[in-house]
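Have a look at the structure below, then the notes.
2 protein chains.
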Amino acid sequence: MTTDTRVQADKLRTFCYEALEKVGVPPADARIVADIQVESDLRGVHSHGTIAIVGYIGRIKAGGTNPRPNIKIVKESANHALIDADWALGQLVGTRAMEICTAKAKKAGMATAGVFHSNHYGAAATYSMMALKQDLIGFTVTNAAAIIPPTGSKTGIFGTNPISMAVPTARSYPYVLDIATSHVATQKIVQARREGQKIPLGWGMDKDGNPTDDPAVALTSGIQPPMAGHKGYGLAMMVEILAGVLTGAWFGRASEAKNWAPQMKTNIGHFFMALDPSIYMPIDTFKERMEQLIDEIHSAEKMEGVERIYVPGEIEYLKREDYLKNGIPFPPATLARLEDFGREIGVSVKLR
Amino acid sequence: MTTDTRVQADKLRTFCYEALEKVGVPPADARIVADIQVESDLRGVHSHGTIAIVGYIGRIKAGGTNPRPNIKIVKESANHALIDADWALGQLVGTRAMEICTAKAKKAGMATAGVFHSNHYGAAATYSMMALKQDLIGFTVTNAAAIIPPTGSKTGIFGTNPISMAVPTARSYPYVLDIATSHVATQKIVQARREGQKIPLGWGMDKDGNPTDDPAVALTSGIQPPMAGHKGYGLAMMVEILAGVLTGAWFGRASEAKNWAPQMKTNIGHFFMALDPSIYMPIDTFKERMEQLIDEIHSAEKMEGVERIYVPGEIEYLKREDYLKNGIPFPPATLARLEDFGREIGVSVKLR
Numbered sequence: 011m012t013t014d015t016r017v018q019a020d021k022l023r024t025f026c027y028e029a030l031e032k033v034g035v036p037p038a039d040a041r042i043v044a045d046i047q048v049e050s051d052l053r054g055v056h057s058h059g060t061i062a063i064v065g066y067i068g069r070i071k072a073g074g075t076n077p078r079p080n081i082k083i084v085k086e087s088a089n090h091a092l093i094d095a096d097w098a099l100g101q102l103v104g105t106r107a108m109e110i111c112t113a114k115a116k117k118a119g120m121a122t123a124g125v126f127h128s129n130h131y132g133a134a135a136t137y138s139m140m141a142l143k144q145d146l147i148g149f150t151v152t153n154a155a156a157i158i159p160p161t162g163s164k165t166g167i168f169g170t171n172p173i174s175m176a177v178p179t180a181r182s183y184p185y186v187l188d189i190a191t192s193h194v195a196t197q198k199i200v201q202a203r204r205e206g207q208k209i210p211l212g213w214g215m216d217k218d219g220n221p222t223d224d225p226a227v228a229l230t231s232g233i234q235p236p237m238a239g240h241k242g243y244g245l246a247m248m249v250e251i252l253a254g255v256l257t258g259a260w261f262g263r264a265s266e267a268k269n270w271a272p273q274m275k276t277n278i279g280h281f282f283m284a285l286d287p288s289i290y291m292p293i294d295t296f297k298e299r300m301e302q303l304i305d306e307i308h309s310a311e312k313m314e315g316v317e318r319i320y321v322p323g324e325i326e327y328l329k330r331e332d333y334l335k336n337g338i339p340f341p342p343a344t345l346a347r348l349e350d351f352g353r354e355i356g357v358s359v360k361l362r
Numbered sequence: 011m012t013t014d015t016r017v018q019a020d021k022l023r024t025f026c027y028e029a030l031e032k033v034g035v036p037p038a039d040a041r042i043v044a045d046i047q048v049e050s051d052l053r054g055v056h057s058h059g060t061i062a063i064v065g066y067i068g069r070i071k072a073g074g075t076n077p078r079p080n081i082k083i084v085k086e087s088a089n090h091a092l093i094d095a096d097w098a099l100g101q102l103v104g105t106r107a108m109e110i111c112t113a114k115a116k117k118a119g120m121a122t123a124g125v126f127h128s129n130h131y132g133a134a135a136t137y138s139m140m141a142l143k144q145d146l147i148g149f150t151v152t153n154a155a156a157i158i159p160p161t162g163s164k165t166g167i168f169g170t171n172p173i174s175m176a177v178p179t180a181r182s183y184p185y186v187l188d189i190a191t192s193h194v195a196t197q198k199i200v201q202a203r204r205e206g207q208k209i210p211l212g213w214g215m216d217k218d219g220n221p222t223d224d225p226a227v228a229l230t231s232g233i234q235p236p237m238a239g240h241k242g243y244g245l246a247m248m249v250e251i252l253a254g255v256l257t258g259a260w261f262g263r264a265s266e267a268k269n270w271a272p273q274m275k276t277n278i279g280h281f282f283m284a285l286d287p288s289i290y291m292p293i294d295t296f297k298e299r300m301e302q303l304i305d306e307i308h309s310a311e312k313m314e315g316v317e318r319i320y321v322p323g324e325i326e327y328l329k330r331e332d333y334l335k336n337g338i339p340f341p342p343a344t345l346a347r348l349e350d351f352g353r354e355i356g357v358s359v360k361l362r
């Protein structure tokens, strides 16, 4: 049993800014990416937090990711935009795309945006939650390295392909769904390997499709099971169609590990949607109806041993309050890895 | 081991028309509903097929469902419509709503429609697939009787809340996803009870939330587990928000069993969306990209003992070809129930 170390969010942000600037990311862009990654740590989604910049910076140094991209709208209308990311950090183009999408939805009632030539964009909830500030419902999906086989197969065809939706409320924390359509997010297996832990059976498969509890085997087999069997396969394919087929990005086996080396240009795709509830009813009525649904969930009868029923996103909001006050807990190997990385790249800030 | 009896689709259609007309449904409307239910049987989705009209007619006779509704658009724009179903059969208003939604999407690039004051609308894929004829991506969700508890609870808050999406292709069968966010569709448990079969553990829960293999216990406990634990809970809530909160329909515990008696007006909600891929790229390019993804799925390496890898919807299209030629297989108790019902209500057509 090891103890986590608490690190203040501000230190992590400075750490990220400095690291990203060292490899040529302009200061304003470095701040956007750093804020997004630290926000994920604050929400307890450490798999998509500060530690992920180690990989992002590796790709910039190797040439696969473009630190100074020329992000361009290549097609648009009153209610959609198609965006060429120019191999940007996914966080930069994701932020731009959702800004464009929500601005259009505010006028048109709803809008979509598609992105191609992109990279990993961090936690999907980053973008769906951007819609909340404007009282919109936000939605996003992204594809990723081909790793989920269709049911009955052992060839990875789909990414972990997350689905995120965020819905505004009147007083309670907003509804924020962010789920991988794989059984778990790959980064959770990466984290288990880093911390020297076994993974539960069902998280990963060996190369013949058999269950394994070894994160290294699960990560090298190239395949991961979908959530809920054929239903998860169907949802992973839904995401692949919206984020990949429809946007002009890679889809299917094009994103296999062999095309994903740090020096290679990836062509990951993202899809965004924003919908204004006020086209259906006054926004305050909608938000009060959300409150009523949330009240019903909170007051539902608990199963034995359960202390509290949570709404999707609520645990993350509660962690955020704790972590802002008391610092973000880092497991030992993850913090050590981050500190080593900071020394390697010459970052001045000390995390503890 | 009992043998199924094959029944021709035409006989089933006539059976349904006649039965619906007997309770005052106008002929043109009876045909719409009959065609939809028999189409579900043809696709092998018997839980949402002809047998379901027994319940629909029971509700019409008792006064809960309106056989001659005045379906009205109460709010609309270039890209959305909100529709009052006037307690119609869900199939009638579902068809109308998706016609309106696809017509608007053809002009605006995308559109949504919401429906309230509705009933069970049959198989969700009915409506998403309507978009295919116009080379659109179709999407629909519906809420239903409150039966899925949020994770940690034993109070049913969400319906089985299916998600369906259909995507056009160039030559292959289209992608057609249609999944309940419960572990299985309620009608599959109803069917097991009718056929005197046990259900697999995991399909249902007793009233304390423990697993049961008795379909009667699962159906009377009032609760069913979501697919994939907390992920399915999150998706069921997503559907509840779109189909219920946003449309002005019932949501949450309002649709508990006690409000669902045949003589009571239900206020089920549906949500529809259509998106034109040609706003992102030429439609033929999009459809060829779908073919490439489907080819990759079909040629993926099979796990031991697997003969073929299917795309979502493909099994249903293959069944349809078989059943159109050779008749639709009915298990004995289901067919007997249908024949008894035909005699009770005075339908002339003999099913065998």
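Each protein sequence line maps, in turn, to chains A and B. Counting the first sequence from 1 gives a position; the working numbering is that position plus 10. Counting the second sequence from 1 gives a position; the working numbering is that position plus 10. C-beta: ideal position from N, C-alpha, C; glycine also.
Cβ-Cβ separation, residue j to residue i (assumed contact under 8 Å), whole Å
i: B/K208; j: B/D218; result: At roughly 19 Å, the Cβ-Cβ gap does not stay under 8 Å, so B/K208 and B/D218 are not in contact.
i: A/P322; j: A/Y137; result: The pair is not a contact, with the Cβ atoms about 16 Å apart (cut-off 8 Å).
i: B/G162; j: A/I319; result: 5 Å
i: A/Q273; j: A/G65; result: That belief does not hold up - the Cβ atoms of A/Q273 and A/G65 are roughly 13 Å apart, past 8 Å.
i: A/L146; j: A/A284; result: 5 Å
i: A/I278; j: A/S265; result: 7 Å
i: B/V227; j: B/D216; result: 5 Å
As assigned by DSSP and simplified to three states, the class of residue i
i: B/P342; result: helix
i: B/K164; result: coil
i: B/H193; result: coil
i: A/I61; result: coil
i: B/H369; result: Look at the range of chain B in this structure, 11 to 362, and you will see that residue 369 of chain B is not part of it.
i: B/K360; result: coil
i: B/S309; result: coil
i: B/T24; result: helix
i: B/Y183; result: coil
i: A/L146; result: coil
i: A/G323; result: coil
i: B/M300; result: helix
i: B/D332; result: helix
i: B/I46; result: helix
i: B/M283; result: strand
i: A/M140; result: helix
Nearest residue (CA-CA) to residue i, options the options
i: B/D375; options: B/N76, B/A133 and B/G74; result: Given a span of 11 to 362 for chain B in the structure shown, any question on residue 375 of chain B remains unanswerable.
i: B/T105; options: B/T152, B/V55, B/V43 and B/I83; result: B/V43
i: A/R204; options: A/K143, A/E31, A/I61 and A/G352; result: A/I61
i: B/S309; options: A/V177, A/T24 and A/K164; result: A/K164
i: B/N89; options: B/L229, B/Q101 and B/M120; result: B/M120
i: B/G244; options: B/F351, B/L334, B/A271 and B/P172; result: B/P172
i: B/E306; options: A/I167, A/V103, A/R23 and A/K32; result: A/I167
i: A/A246; options: A/A154, A/N277, A/V359 and A/I67; result: A/A154
i: A/A91; options: A/I233, A/A107 and A/L99; result: A/A107
i: B/E311; options: A/T230, A/P160 and A/P236; result: A/P160
i: B/K360; options: B/K117, B/D20 and B/T276; result: B/D20
i: B/A190; options: B/M140, B/K241, B/P178 and B/G68; result: B/K241
Rounded straight-line distance, which links the Cα of residue j to that of residue i
i: A/A135; j: B/Q18; result: 49 Å
i: B/G169; j: A/I110; result: 34 Å
i: A/A346; j: A/R362; result: 11 Å
i: B/K82; j: B/Q197; result: 30 Å
i: B/P292; j: A/G59; result: 38 Å
i: B/K85; j: A/S128; result: 39 Å
i: A/L30; j: A/A343; result: 22 Å
i: B/D96; j: A/N336; result: 54 Å
i: B/F149; j: B/A176; result: 7 Å
i: A/G34; j: A/A180; result: 42 Å
i: A/I157; j: B/E317; result: 21 Å
i: A/I304; j: B/G356; result: 47 Å
i: A/P77; j: B/Y183; result: 42 Å
i: B/H193; j: A/G232; result: 28 Å
i: B/E298; j: B/N269; result: 48 Å
i: A/F126; j: B/T295; result: 16 Å
Problem - Sequence ranges, alpha helix (DSSP H) only - wholly within the stretch 211-266 of chain B, length at least 4 - result: 225-230 and 240-250
Exercise for the section: Give, in chain order, every unbroken run of the beta strand (DSSP E) that is at least 3 residues long and sits entirely within the stretch 53-125 of chain B. Expected result: 82-87 and 90-94
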